[in-house]
Each structure stands twice: as structure tokens, then as C-alpha cells.
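Okay, structure first, notes after.
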Amino acid sequence: MNYFSSFTLVAFIGLLFVGCNMERRVNGSKEAVEKVKSMQIKRVTTQQVVTIVDDWGQRIVKQAQANLENALAKSPSDAAAFCQLQKLPQIDSLEKLYTAEINLLGTKDLKNPTLSAKEQEILDAYVYNAENKLSQIPNIQKLGDSALVYNAPVSLQSSICHKCFGEDATHLAVWRVKFKRSEVIRKVNAKSLQKIK
1 MNYFSSFTLV AFIGLLFVGC NMERRVNGSK EAVEKVKSMQ IKRVTTQQVV TIVDDWGQRI
61 VKQAQANLEN ALAKSPSDAA AFCQLQKLPQ IDSLEKLYTA EINLLGTKDL KNPTLSAKEQ
121 EILDAYVYNA ENKLSQIPNI QKLGDSALVY NAPVSLQSSI CHKCFGEDAT HLAVWRVKFK
181 RSEVIRKVNA KSLQKIK
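If you read the sequence shown in the numbering used here, its first letter stands for residue 1, the second for the next number, and so on.
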């Protein structure tokens with residue numbers, strides 16, 4: 001056997017040995033392992049993305065609402081900052097964890113220029129339902145091909161409606177959680193996709 005084929009064989013076996021154990025190769029770095037997992041090629045349908053956004057949106061809203069209600073109860077004097085979702089590190093953590101944008105909207109946001117026309121229409125529908133005392137339900141809207149928005153109305157019995165939107169006749173409060181489609185796909189676990197069909 002010549003020198004070149006021996007070297008090639010040893011290099012191939014070495015690469016095979018190193019490539020077999022991903023955790024050992026990256027020295028157990030959890031972040032590196034997560035990054036590698038997130039770069040796996042995944043086939044994700046639109047319905048799967050919507051289902052994931054619905055699940056994540058419900059989780060985020062539940063945690064954010066509990067956090068805001070607790071903050072308002074403990075420190076009513078800081079209500080103005082809390083209602084703008086400032087001074088709430090847990091909400092910042094949720095935004096980072098899910099790579100999402102979390103907002104609390106009210107009637108005044110109908111003219112908010114940062115909201116797309118579609119989002120303003122949805123908010124207008126929530127306002128109409130609140131004015132006419134109709135039931136409110138969460139919804140998901142696609143914004144083009146790159147983003148999805150999960151909206152969830154806050155129950156009128158919540159302190160959020162009265163302390164954050166008390167000056168408004170409807171006391172309407174709506175959670176808005178905006179996800180980038182690419183981030184949802186990147187963050188989703190391939191095994192969990194198999195459960196969602």
C-alpha cells in the first residue's frame with residue numbers, strides 16, 4: 001500500500017470517529033448542540049407552522065399575562081411602565097426564548113403605524129366585538145410568507161384591562177405575539193414535527 005492511500009484511509013477513519021459523537025466533538029456545549037440541531041433539514045408544512053405558533057402563542061400569553069398581573073398587583077404605582085411591558089424581564093426572556101415580539105394592544109393602537117393593515121383590521125374586529133359585547137377568541141394571521149401573528153384578547157375580568165386600559169370605554173386588551181416563520185422552523189424540534197401532522 002502506498003503512502004497516499006494509507007494517509008487517505010487514516011484520515012477517513014479519523015473523520016468517521018470524530019463525526020460519530022456530536023456531543024463529544026463540541027465538548028458538551030449545549031448551545032453548539034442546539035445550533036447543530038436547529039440547522040437540520042426539516043420539511044415543515046404551513047399547517048405545522050400554524051399549529052406550532054398556536055401552541056407557542058398560548059404558552060407565551062399565559063406566562064406574560066400572569067407576569068403582568070402579578071407585577072400590577074405588587075407595584076400599582078409602576079402600572080404605566082408595566083402596561084408598556086417595560087420593567088418586566090420575564091417578558092424579555094420570553095421574547096428571546098421564542099424569538100418573538102410581544103406587545104399589549106388596545107383601542108388606541110388602531111392607528112398604530114407599526115401594525116400592518118391586516119393587523120389593524122383584526123384589532124378593529126376585536127374593538128367591534130368589545131363594543132357589542134360579543135365573544136372574543138384568539139387567532140393567528142399570516143403576514144406574507146415571512147411572519148405570523150398570534151392575537152389573544154384579555155378577559156375583561158383581568159386587572160390588565162382595568163389598570164392598563166381603564167380610560168378606554170371598552171377596556172379592550174389584546175396580546176400580540178409576532179413570530180418570524182424562519183425562526184419558528186429553525187427552533188422547532190424535528191421529533192415534535194412528527195407528532196404534528
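Glycine is no exception: its CB is placed at the ideal position from the N, C-alpha and C atoms. Please read these numbers as outputs of a predicted model, since none were measured by experiment.
When the Cα of cysteine 161 is compared with those of Asn112, His171 and Pro153, which residue comes out closest?
Along the sequence shown, one-based indexing puts residue 161 at 161. For the residues Asn112, His171 and Pro153, the minimum Cα distance to cysteine 161 belongs to His171.
| DSSP three-state call for phenylalanine 82: helix, strand or coil? | Here residue 82 corresponds to residue number 82 of the sequence shown, with the count starting at 1. Helix.
Practice prompt. Within the region 140-182, note down every full alpha helix (DSSP H) run reaching 4 residues or more, in order along the chain.
Written response: 159-164
Exercise for the section: Can you have a look at tyrosine 128 and say buried or exposed, based on whether 16 or more other CB atoms are within 10 angstroms of its CB? Expected result: Position 128 of the sequence shown, counting from 1, holds the residue named residue 128. Exposed is the call here.
CB-CB under 7 Å to glutamine 201, same chain, minus the five flanking residues each way: which ones, in chain order?
Residue numbering for the chain in the displayed model covers 1 to 197; residue 201 lies beyond these limits and cannot be assessed.
task: In angstroms with no decimal places, state the Cα-to-Cα distance between threonine 99 and leucine 148.
output: Translated into positions along the sequence shown, residue 99 becomes position 99. Translated into positions along the sequence shown, residue 148 becomes position 148. Cα-Cα distance, rounded: 12 Å.
Starting from asparagine 132, trace the beta strand (DSSP E) both ways and give me its first and last residue. For the purposes of this step, residue 132 is taken as residue 132 along the sequence shown, with counting starting at 1. Counting along the chain, asparagine 132 falls outside any beta strand (DSSP E), and DSSP gives it neither H nor E.
#### Entry: Host beta strand (DSSP E) of asparagine 103 (start-end)
Position 103 of the sequence shown, counting from 1, holds the residue named residue 103. From DSSP, the beta strand (DSSP E) with asparagine 103 extends over 100-105.
Coil, strand or helix - serine 93 by DSSP:
Here residue 93 corresponds to residue number 93 of the sequence shown, with the count starting at 1. In the structure shown, serine 93 sits in a helix (DSSP, three-state: H, G or I).
### Between the CA atoms of alanine 81 and alanine 117 - distance to the nearest angstrom
Residue mapping note: residue 117 aligns to position 117 of the sequence shown, counting from 1. Residue mapping note: residue 81 aligns to position 81 of the sequence shown, counting from 1. Distance between the alpha carbons of alanine 117 and alanine 81: 27 Å.
- Task: Please list, in chain order, all residues of the same chain as valine 49 whose beta carbon is under 8 Å from its beta carbon, the five residues on each side excluded.
- Result: Working through the sequence shown from its first residue, we reach residue 49 at position 49. Contacts found: Leu148, Arg181, Val184 and Ile185.
Next item on the list: Check threonine 51 in the structure and name its three-state DSSP category.
Entry: Numbered from its first residue, the sequence shown carries residue 51 at position 51. Three-state result, threonine 51: helix.
Practice item. Would you kindly work out how many angstroms separate the C-alpha atoms of glutamate 69 and serine 159, rounded to a whole number? Key: Residue numbering aside, residue 69 sits at position 69 when the sequence shown is read from its first letter. Residue numbering aside, residue 159 sits at position 159 when the sequence shown is read from its first letter. Glutamate 69 and serine 159: Cα-Cα distance of roughly 6 Å.
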